[in-house]
Amino acid sequence: MKRIGLLGGSFDPVHVAHIALAENALRALGLAQVQLIPAANPWQRAALHATESQRRDMLELAIAGHDGLVVNPIELERGGATYTIDTLRALPNDARYVWLLGADQLANFCTWRDWQEISRLVDLAVATRPGTPLAPPADLAAWLDSLGHSLEELPFAPMPVSASQIRQRLAQGESTDGLLAGPVAAYIAAHHLYR
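Just so we're aligned, residue 1296 is where the sequence shown starts under my numbering, counting upward by one.
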């Protein structure tokens, strides 16, 4: 059965570290593809700055020319509060899915709705992130052990890039060179986003 990586996020905006993580997972984990899933209304985050269609447009621009990367708009089409478990239950059952997450997300994984069921439905692959140790919470470690599952480590050279940092730079009129794909930067400028 083919394995498909899933990378969820606000992508507000999508930046070079998102694409680097997706491409690295594609190769390192031997995935058939990586689907980038923009959240409609992530319940654990502050309000988003760009609209759903703008974030989807930016994702399409960012992955253009990157074979194996696709945008899956399942959460945008469903609307409402975004819960990973709902997304996983709605995916076709013709693949084995691998949820890609950073070590920072791993630290609060047990606060996700139905986290035990999530870790039963998908494999978890964790990339390191600056300043965050790669260690699962005790509850998750015990649960995975009871299932006979383990975390997959995704080797990833940390990139100190964040969407909040980019939004702040844009708001202050500072350069974002090297942080955004060229077409994404052009889109942001054309639509006067994050000003």
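Built from N, CA and C at the ideal position, the CB exists for glycine as well.
On a predicted model such as this, the values are computed, not experimentally measured, just so you know.
>> According to DSSP, simplified to helix, strand and coil, what is residue 1460?
In response: Within the sequence shown, numbered from 1, the residue matching residue 1460 stands at position 165. Helix.
>> Do residue 1409 and residue 1380 have their beta-carbon atoms positioned less than 7 Å apart in this structure?
In response: Counting from one through the sequence shown, the residue named residue 1380 turns up at place 85. Counting from one through the sequence shown, the residue named residue 1409 turns up at place 114. A distance below 7 Å separates the beta carbons of residue 1380 and residue 1409.
>> I'd like to confirm the pairing. Which residues does DSSP put opposite residue 1412 in its beta bridges?
In response: Position 117 of the sequence shown, counting from 1, holds the residue named residue 1412. Answer by DSSP bridge pairing: none, since residue 1412 is not bridged.
>> On the CB-based measure, 16 or more other CB atoms within 10 Å of its CB, does residue 1310 come out buried or exposed?
In response: Here residue 1310 refers to the residue found at position 15 of the sequence shown. That one is buried.
>> Do residue 1446 and residue 1416 count as a contact pair if the criterion is CB distance below 7 Å?
In response: The residue you call residue 1416 lines up with position 121 of the sequence shown. The residue you call residue 1446 lines up with position 151 of the sequence shown. Between residue 1416 and residue 1446, the C-beta gap is not smaller than 7 Å, which leaves the two residues out of contact.
>> If you follow the beta strand (DSSP E) that residue 1448 is in, where does it begin and where does it stop?
In response: Working through the sequence shown from its first residue, we reach residue 1448 at position 153. Here the beta strand (DSSP E) through residue 1448 covers 1447-1449.
> Within this structure, are the beta carbons of residue 1312 and residue 1456 separated by less than 7 Å?
Replying inline: As a working mapping, residue 1312 is identified with position 17 in the sequence shown. As a working mapping, residue 1456 is identified with position 161 in the sequence shown. For residue 1312 and residue 1456, yes; Cβs fall inside 7 Å.
>> According to DSSP, simplified to helix, strand and coil, what is residue 1417?
In response: Here residue 1417 is taken as the residue at index 122 of the sequence shown, counted from 1. Residue 1417: coil per DSSP, three-state reduction.
> Looking at the unbroken beta strand (DSSP E) that takes in residue 1374, where does it start and where does it end?
Replying inline: Position 79 of the sequence shown, counting from 1, holds the residue named residue 1374. Here residue 1374 belongs to no beta strand (DSSP E), and DSSP marks it neither H nor E.
> Who pairs with residue 1301 in a beta bridge, going by DSSP?
Replying inline: Locating residue 1301 in the sequence shown gives position 6, where the first residue counts as 1. In the DSSP assignment, residue 1301 is bridged to 1330 and 1394.
> If we count the other Cβ atoms within 10 Å of its Cβ and call it buried at 16 or more, is residue 1468 buried or exposed?
Replying inline: Within the sequence shown, the letter at position 173 stands for residue 1468. Exposed, since its Cβ has fewer than 16 Cβ neighbours within 10 Å.
> Do you know offhand how far residue 1452's Cα is from residue 1395's?
Replying inline: The sequence position of residue 1452 within the sequence shown is 157, counting from 1. The sequence position of residue 1395 within the sequence shown is 100, counting from 1. One C-alpha to the other measures close to 15 Å.
>> For residue 1375 and residue 1303, I'd like the C-alpha separation in whole angstroms.
In response: Walking along the sequence shown from the start, residue 1375 turns up at place 80. Walking along the sequence shown from the start, residue 1303 turns up at place 8. So the two alpha carbons sit approximately 15 Å from each other.
>> With distance defined between alpha-carbon atoms, name the residue in 1383, 1336, 1351 and 1329 nearest to residue 1362.
In response: In the sequence shown, counting from the first residue as 1, residue 1362 sits at position 67. Per the Cα distances, 1329.
> Can you give the beta carbon distance from residue 1366 to residue 1351, rounded, assuming they're within the 8 Å contact cut?
Replying inline: Position 71 of the sequence shown, counted from the start, is the residue given in the question as residue 1366. Position 56 of the sequence shown, counted from the start, is the residue given in the question as residue 1351. Yes, they are in contact, since the Cβ atoms of residue 1366 and residue 1351 sit about 6 Å apart, within 8 Å.
>> Comparing C-alpha positions only, which one of 1321, 1326 and 1354 sits nearest to residue 1333?
In response: Taking the first residue of the sequence shown as position 1, residue 1333 is located at position 38. When only C-alpha atoms are compared, the closest one is 1354.
> Roughly how far, in whole angstroms, is the beta-carbon of residue 1290 from the beta-carbon of residue 1476, given that I think they are within contact range, below 8 Å?
Replying inline: Residue 1290 cannot be examined here, being either before or after the span of the chain that is shown, 1296 to 1490.
> For the alpha helix (DSSP H) that residue 1364 lies in, which residues bound it at each end?
Replying inline: Taking the sequence shown and counting its residues from 1, one reaches residue 1364 at position 69. Judged by DSSP secondary structure, residue 1364 falls outside any alpha helix (DSSP H) and instead within the beta strand (DSSP E) spanning 1364-1366.
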